[in-house]
Structure formats: C-alpha cells, structure tokens
Amino acid sequence: MTREAEPAADHTNPMEEHWVALAAQGNEDAFASLVRAHQDRLYRVALRLVGHPADAQEAVQESLLQAWQHLDGFRGDAKFSTWVTRILINRCHNVLRARKLTVPLPDDPGSDRGLPQAPATEDLAVRAQRRDAVRAAVLSLPFDQRAPLVLTVFGGYTHAETGRILGISETAAKVRAHRGRKTLLSRLQEWR
Amino acid sequence: MSPSNRADDDRLPCGVGVDDLLTQVAEHAHPRDPAHQRSCPHCRAALAALADLWAPVTELAAEDVRAPASLLQEVMAQIRELSRNAWHAVLTDPTGQTRIAARVVGAVARLAAESVPHVSVALGNGRPETRAGQSPSPTEIAGAAGEPATDVGVAGSHVIIDVQIAVDYGVPIAHVAQAVRSRIIEHLVAHTGLTTSEVNVIVIDVLASPPTET
C-alpha cells in the first residue's frame with residue numbers, strides 16, 4: 328500500500344525540513360525530493376476534489392510551481408505538506424469556480440449510474456459502479472463539506488491537519504467533515 | 011465528543027445517536043458502549059446498514075491513486091525554465107558555467123545609465139518579464155521590490171534590459187535615451203561578458219535643472 332510510505336501528517340520530518348531549506352536556496356534537486364514525497368497524496372486530493380485527471384494534474388503542477396516561487400516566504404511555522412496542500416485547495420476551488428462544475432447525478436434509480444438494487448448479486452462490475460456513484464456523490468457536495476471530507480477520507484489527513492490546511496479549527500474541521508459524510512450517505516441512499 | 015449537532019441527531023429506539031454510529035463506521039472508532047452494542051438489535055442493524063452504505067467509500071479511498079509519471083517532469087521542467095530565464099544569465103565555457111544573478115545585471119545596467127549626463131534612474135517597481143499566460147510574481151523580478159527600476163529579462167548569455175529613467179529638463183530626450191542604450195550595452199559586455207540584445211528606455215520623469223548662479 329502506497330500510503331504507508333507517505334510522510335505522516337502530524338509529525339515533523341527532519342529530512343523534509345532539510346529539503347525545504349535547500350529548496351528555498353534554489354536547490355532544484357531538493358525540491359524534486361519534496362515533489363516526489365508529496366505528489367501522490369496531492370494528486371489524490373485534487374482528483375477527488377475536481378473529478379478530472381487532467382484538471383487534477385494541472386492543479387497539482389501549478390500549486391507546486393507556486394510553492395517553489397514563494398518558498399522564500401515559507402517560514403516553517405506550518406509543515407510543508409500543510410502549506411502546499413492549502414495552496415492546492417485554493418487552486419482546486421478556483422478551478423471549480425471557473426468551470427461552474429455541474430455533475431450529472433443519477434436521478435433515475437433505474438439508471439446504470441445508480442446503486443444496485445440487489446447487493447447480494449454484487450460482482451466486480453457492480454462494485455465499480457458503486458465507486459463511480461461515490462465519486463459523483465463526492466463531486467456533488469458543496470465545497471465547504473467536500474474539502475474536509477476529501478482531505479480526511481481520501482487524503483488521510485487528521486482533523487487537526489485538515490483544520491490547519493483550511494484555516495479553521497480542528498473542531499470546525501471535524502464538524503464539516505461529518506456533515507460531508509452525512510450528505511454523502513444521504514445521496515448514496517437516495518440513489519439506491 | 012461526536013461532531014454531530016445534537017438537535018438534528020437521529021436516535022435509535024435504544025437512544026444511541028445515528029451520528030455516533032456513522033463516526034464509528036467511517037473513522038473505525040471504538041463504540042461508546044461496546045457491551046450495549048453487542049446485544050442491541052437496533053445498533054447492530056443500524057451499524058450493518060451504515061457499513062454497507064459506507065463500504066464503497068472505503069473501497070474508493072483504498073484505490074491506489076498515484077500521480078501521473080509526467081507530473082514531476084513537468085514541474086521540474088517549468089522550474090528549470092524559470093531558473094534559466096528569469097533568475098540568471100549563463101555564460102557557458104568549456105571549463106564550466108558562470109551564472110550571473112539577474113539583479114547583478116540590473117545593477118550594472120542602472121549604474122551605466124546613471125553615468126550618462128542629465129540622467130537619473132527613477133525608483134519604482136519594475137516590470138517583470140513573464141511568459142504569455144503567466145502573471146507577474148515578485149520572485150520573477152530582478153532585484154527586490156523598491157530597488158532602482160532596472161528590469162532584466164535574461165536568457166542564456168543574451169539579456170534584455172528595461173530601464174526607467176528621469177532626465178533633466180531641456181535636454182533632447184531621444185538623444186539621451188540613445189546614449190543610455192549605448193552605455194548600458196558597453197558596460198554590460200565589459201563587466202559581465204553578456205550580450206545585450208535589447209535595451210528599452212522608459213522616460214518616466216523630467217526634472218528641473220538646478221538654477222545656475224549668475
């Protein structure tokens with residue numbers, strides 16, 4: 328599982344601090360190490376937030392470029408991953424605002440995007456269909472619920488880390504993530 | 011504490027909040043009352059239903075999503091492009107490379123311009139050289155904000171200079187601008203070895219000459 332290799336959300340990593348310090352002095356190799364360490368998680372978050380792989384890749388690339396250009400202003404009072412994820416969240420928000428994203432939701436319970444009527448007959452195709460339904464349901468959430476839900480469920484961030492990324496308290500992050508979960512479940516239930 | 015709003019919290023006949031069960035399922039949290047949960051048919055039924063609903067979310071979260079292989083390459087290519095074109099001039103020699111920071115080139119250009127009679131270099135923010143579609147960023151400006159306004163667009167061993175000047179009132183501006191252009195080209199090749207491909211002179215002010223005593 329790839330997630331185990333990723334930097335822990337709430338612990339400082341001396342090697343990462345070293346890379347950040349070198350990168351701030353213009354060391355491109357050090358920055359490449361930071362990109363390698365964080366790109367999978369950043370991409371996963373972006374993909375669940377904006378839905379399209381190409382948009383997600385572009386959002387991550389632009390965020391990393393922005394981070395590189397402003398590394399001299401990064402004071403280390405936040406972790407690099409928190410800081411760059413915050414940039415990414417803003418970037419994704421802008422992408423969605425520009426796109427005025429409307430996700431077609433399966434309003435017909437019998438449509439092939441809906442959840443299966445008979446879970447007992449589940450096979451791989453049905454499970455894939457259920458995951459598609461989750462993807463669409465996540466994209467249908469309002470952004471203030473989607474961002475904390477995606478960060479905690481798909482990004483693996485703690486509520487504390489999510490709060491720091493979104494600039495809200497840990498409690499507020501917990502409340503919003505929970506609201507997102509409830510909305511998500513009610514959408515999935517409607518589609519059954 | 012559960013993050014749920016108690017007023018909206020649906021409760022099972024046994025009094026347990028559905029929100030608590032959802033948190034338990036989604037976060038793999040421990041039950042508040044394990045003994046009750048083991049024996050309560052309401053809790054067990056609700057947990058089973060929630061687990062079934064949440065299962066595809068867990069499956070989706072467990073998908074091995076990796077960044078495309080091209081992402082790192084794209085980012086680093088853009089960074090190298092920025093480094094090459096905006097921050098340094100590069101003189102390549104068989105024995106190695108000399109990188110001259112854009113602010114150094116800018117400083118030489120400014121001093122050269124100031125050495126021309128009737129010229130003073132204005133202070134102000136310069137125009138950063140940006141590629142199409144990019145917005146200016148402070149990090150792309152040669153020299154920190156507030157430094158004398160000599161802008162330098164650097165690419166390899168060829169440089170483009172934008173210099174903002176103020177000239178004394180009464181002197182022919184076009185003539186002075188041409189002198190500034192020539193002086194900058196001379197100084198840059200003499201002091202840095204760089205070739206100036208373009209010098210754009212922007213006259214932003216005219217200053218009254220000090221009164222001469224009679």
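Protein chains in written order, with this note's numbering: chain A, 328 to 519; chain B, 11 to 224.
Using N, Cα and C, we set each Cβ at its ideal position, and we do this for glycine too.
Note that the structure is a prediction, hence the values are computed from the model and not measured.
| Check | Outcome |
| --- | --- |
| How big is the Cα-Cα spacing for residue 46(B) and residue 500(A)? | 29 angstroms |
| Chain A partners of residue 88(B), CB-CB under 8 angstroms? | 388 and 392 |
| What does residue 517(A) pair with, by DSSP beta-bridge criteria? | Partner(s): none; residue 517(A) has no beta bridge. |
| Note down, in chain order, every chain B residue with its Cβ under 7 angstroms from the Cβ of residue 363(A). | 82 |
| Under 8 angstroms, Cβ to Cβ, is there at least one residue of chain B near residue 461(A)? | yes |
| Which one of 110(B), 92(B) and 91(B) has the shortest CA to CA distance from residue 99(B)? | 110(B) |
| With a threshold of 7 angstroms on Cβ separation, who are the neighbours of residue 128(B) within its own chain once the five nearest residues in sequence on each side are excluded? | 177, 178, 181 and 186 |
| Would you verify that the beta carbon of residue 78(B) is, or is not, closer than 8 angstroms to some beta carbon of chain A? | yes |
| Report the option in 79(B), 35(B), 173(B) and 27(B) whose CA atom is closest to the CA atom of residue 121(B). | 173(B) |
| Using a Cβ-Cβ cut-off of less than 8 angstroms, give me the residues of the stretch 29 to 53 of chain B that come near chain A, in sequence order. | 29, 32, 33 and 36 |
| Assess, as a yes-or-no matter, whether the stretch 472 to 481 of chain A is touched by the stretch 505 to 512 of chain A under the definition of 3 or more beta carbon pairs within less than 8 angstroms. | yes |
| Please list, in chain order, the chain A residues whose beta carbon lies closer than 8 angstroms to that of residue 119(B). | Ordered by position in chain A, no residue passes the 8 angstroms Cβ test against residue 119(B), which lies about 22 angstroms from the chain. |
| Check whether the Cβ atoms of residue 369(A) and residue 387(A) lie closer than 8 angstroms to each other. | yes |
| Should residue 63(B) and residue 516(A) be called a contact, given that it needs their Cβ atoms to be closer than 8 angstroms? | yes |
| Does chain A have any CB closer than 8 angstroms to the CB of residue 104(B)? | no |
| Looking at residue 60(B): is its Cβ nearer than 8 angstroms to the Cβ of residue 32(B)? | yes |
| Could you work out which residue in 197(B), 82(B) and 183(B) is closest to residue 217(B) when comparing CA atoms only? | 183(B) |
| Tell me whether residue 418(A) is buried or exposed, calling it buried when 16 or more other Cβ atoms sit within 10 Å of its Cβ. | buried |
| Work out the CA separation of residue 25(B) and residue 81(B) for me, nearest whole Å. | 51 angstroms |
| Note down the Cα distance separating residue 512(A) from residue 465(A), rounded to an integer number of angstroms. | 10 angstroms |
| Run the CB neighbour count on residue 40(B), radius 10 Å, all protein chains shown included, and call it buried at 16 or more, exposed below. | exposed |
| Following the continuous alpha helix (DSSP H) through residue 195(B), name the residue where it begins and the one where it ends. | 183 to 201 |
| Going by beta-carbon coordinates alone, are residue 373(A) and residue 359(A) separated by less than 8 angstroms? | no |
| If we ignore side chains and look at the alpha-carbon of each, how far apart do residue 193(B) and residue 116(B) end up? | 13 angstroms |
| Which one or two residues does DSSP pair with residue 210(B) in a beta bridge? | 172(B) |
| My assumption, with CB atoms under 8 angstroms, is that residue 8(B) sits in contact with residue 198(B). Please give the rounded CB distance. | Limits of chain B in this structure are 11 at one end and 224 at the other, which puts residue 8(B) out of reach. |
| Are any of the Cβ atoms in chain A nearer than 8 angstroms to that of residue 23(B)? | no |
| Distance check for residue 85(B) and residue 71(B), CA to CA, integer angstroms please. | 26 angstroms |
| Let me confirm a value: residue 496(A) is counted as buried when at least 16 other C-beta atoms fall within 10 Å, else exposed. Which label applies? | exposed |
| Measuring only the C-alpha atoms, how far is residue 423(A) from residue 415(A)? | 12 angstroms |
| Could you compute how far the alpha carbon of residue 454(A) sits from the alpha carbon of residue 74(B)? | 16 angstroms |
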